[in-house]
Each structure stands twice: as structure tokens, then as C-alpha cells.
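Residue numbers (full-length UniProt numbering): 1 to 386.
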């Protein structure tokens, strides 16, 4: 019993060891509607789960709820509303978390010191115009309502569409800046949000360069990239290999101990009962054991066989179906009768049955073995064979 207790203890130990070995991996996390995956990481994740230039913080904003926030050294913070790492090129959809992205374009800003760059951009001129001029504004110029007040409005127009004949010439110039856009099509760009892209790192980056520090702070990280194989970490694999190897060794030891104990037990029993002669008193026990497992060939053949002629005359005309194969009896077939209960069956069916079972298939009574042995097998027929 001691080896079995040791085996179960070791199995339970491995069960609880496996989750702890994989506890430091970097699964995908969600902030609001955005899935955060490598190279991005949230502030509460281990540092090895992402690139230092792609740090995000999950913050609650009154108007929109939870949203990932990214901070740029020369542009400030923006809310992240979509991350697509698998498109070509990959992109980040951002906007001002307070709902007025255009105001961020008035002072000059840039993304220097970061791996990001605008996917699309256009130079815009910003004006502060009175309402009588604002009524004359037409596309592609647009009014920035979040910056406008009762008597004045802020208007933005692409520099390529501005000329001296524009009604905006009477407005006060505020700024001329390169503005990131969400689309190369100006009709789809309203300065409310824009797209950023990056080149490094990408999904081809090696995990060993990022996740496995000399101190082994984190285990190997699965990026979720299309060209990466998904699976458990190397450390977990090594732990499983060692654990399963030890478990297999323990099973072999338990088996050897069990086998030896059984052999010693049989040896001791043999020493206590050196020999038992099979005498007349033991023969009924042997016969009973044989009957429990089926009848031997000589006892089966002791039951009489009847050959059915052309008339197919049966001992009981209404009993015309074999209870074993459920087929009707036909001419030129043979049936065997169990004399104790007078039930009959196809000879080949009942022969196979009695090899496995020592009871009648119909009444389940055990045939009288002594009667079967002294019954002379006779080949009878319902009509003379041709």
C-alpha cells in the first residue's frame, strides 16, 4: 500500500505544479473593446510581455468607459480604439480620449522618439473665422465644432485647396501643421481620429530576445502571430518531461513491487498446501468450474442432432425459429436438442453457445452434465435423407 500512496501523492503534486509553472506566461488581455497583444502590453503585465515602446495603461474615461491609453513624448496621450497587428501594414487607431482630436493638431506635435508614424497625413491650415464667413465654408474645408464658440468657429482646410480667393483669407490664421489622418480619402477623414503604423518589432521577432532575460523573469511568450506555432512554453515542456519521466519510473517500481508480492504470496500458499490430488471428490468441483465457463466438445456432441428433411418436420411445429440466430428452420438443416428441457436450435448455433455458456439460451437452466454424458448421440431425421 505504501507505493500506491506514494504514487497518488506524486500525481497530485504534478497536478498542482503544472499551473504554477505556466503562471508567468503572457496571455492576451482585454481593455474595453480592445485586445492587447504583443508587442503591446498593459502596465499591470510583466515587463517581458511587450516592447517598452508599446506600453499602454487601461484607464476609465467618463464618456467612453475603459480604454487603453498610449503616451507619446511630443504628442501627449491618446486613447487606443483598435489594434490590428496582422494587416499589411499593421495599424493603431487612436483619438483624443476627451473627444476633440483636432485641438491636438494646433500646437505642433510629432511622434519622434517612438516607433510610430502616421499611416496617412496631410498638411492642414487652421483658421479662426467669424460666423458670417463660416456660412461660406465648403468641402474640403471643415468646421471643428469642439473648438468653436457662439460667434467664432475654427475651420481647417487642406493646404492644397487653399488659395487667395478663398473666403477664409479674411479669417485669423491659427496654425499650419501636418495632420495624421484615418484615410487617404479626404471625404472619409474628419480629423476625429487617425491611424499610426510601425515596423519594429513585428511578429517575426524572436521571443528569446524579449521574454527570456538572464534572470529568466518570464517564460517563453506566444505572440499569437500567424507564422508562429502555438504551444506551451519551453520551461513547462521541460517540467512535464521530467515529471512524466519520474511518474513512469514510479509506475514501473510499483508494478515490480506488486508483481513480487503476488509471487511471494503464491509461493507461501504453495508451501502451506504442497499438493492436492485430483480425486473423485474433486471431480464434481472441476465439472462445476467447466460448466460455469461452458461445455467441452464431448459434452456438446452428446446432445442429439436431428436432420430436417424436405418436409422440415419439427418436434414442435409452432417452434419454427432458432432463438439464437432468429432464423426459421429450413429443409436440409440440422438441429440439436437439449434433452433436459427439450429446447432445440440450429446445431451450429447451439454448439457455439454451449462453448461459452453452460445454460439453455431459452430457459437458462443448466443441462444435467451426467445425463448429457450418458446420452448416446443419435442422428435422427424428420424424413429420410435423399
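We put the CB at the ideal spot given by N, CA and C, even for glycine.
Start and end residues, alpha helix (DSSP H) containing residue i
| i | result |
| --- | --- |
| residue 136 | No alpha helix (DSSP H) holds residue 136; DSSP gives it neither H nor E. |
| residue 366 | Per DSSP, residue 366 belongs to no alpha helix (DSSP H) and is neither H nor E. |
| residue 178 | No alpha helix (DSSP H) contains residue 178, which is instead part of the beta strand (DSSP E) from 172-181. |
| residue 299 | 297-300 |
Closer than 8 Å to chain B by CB, residue i
| i | result |
| --- | --- |
| residue 235 | No chain B is part of this structure, which consists of one protein chain only. |
Run of the beta strand (DSSP E) containing residue i, from where it starts to where it stops
| i | result |
| --- | --- |
| residue 388 | Residue 388 lies beyond the range of the chain shown here (1 to 386); nothing can be said about it. |
| residue 157 | 152-158 |
| residue 93 | 91-95 |
| residue 324 | Neither: residue 324 is in no beta strand (DSSP E) and is coded neither H nor E. |
| residue 306 | 305-307 |
| residue 31 | 29-31 |
| residue 34 | 34-36 |
CB contact flag (residue i, residue j, <8 Å)
| i | j | result |
| --- | --- | --- |
| residue 176 | residue 114 | no |
| residue 171 | residue 128 | yes |
| residue 180 | residue 118 | yes |
| residue 191 | residue 144 | yes |
| residue 184 | residue 81 | no |
| residue 97 | residue 67 | yes |
| residue 76 | residue 93 | no |
| residue 428 | residue 63 | With the chain covering 1 to 386 only, the question about residue 428 has no answer from this structure. |
Residue i, buried or exposed, once every other Cβ within 10 Å from all chains shown has been counted against 16
| i | result |
| --- | --- |
| residue 356 | exposed |
| residue 325 | exposed |
| residue 344 | buried |
| residue 377 | Unreliable positioning characterises residue 377 in this predicted model, as indicated by a pLDDT of 44, which lies under 50. The coordinate reading is nonetheless provided below. Its Cβ having fewer than 16 others within 10 Å, residue 377 is exposed. |
| residue 27 | exposed |
| residue 154 | buried |
| residue 281 | In this predicted model, residue 281 has a pLDDT of only 46, less than 50, meaning its place in the structure is not dependable enough to derive any value. |
| residue 347 | buried |
| residue 23 | Model confidence at residue 23 stands at a pLDDT of 42, short of 50, so the residue's coordinates are unreliable and nothing is read from them. |
| residue 36 | buried |
DSSP bridge partner residues for residue i (one or two, in chain order)
| i | result |
| --- | --- |
| residue 343 | 338 |
| residue 65 | 61 |
| residue 196 | 92, 118 |
| residue 126 | 156, 175 |
| residue 348 | Answer is none; residue 348 lacks a bridge partner. |
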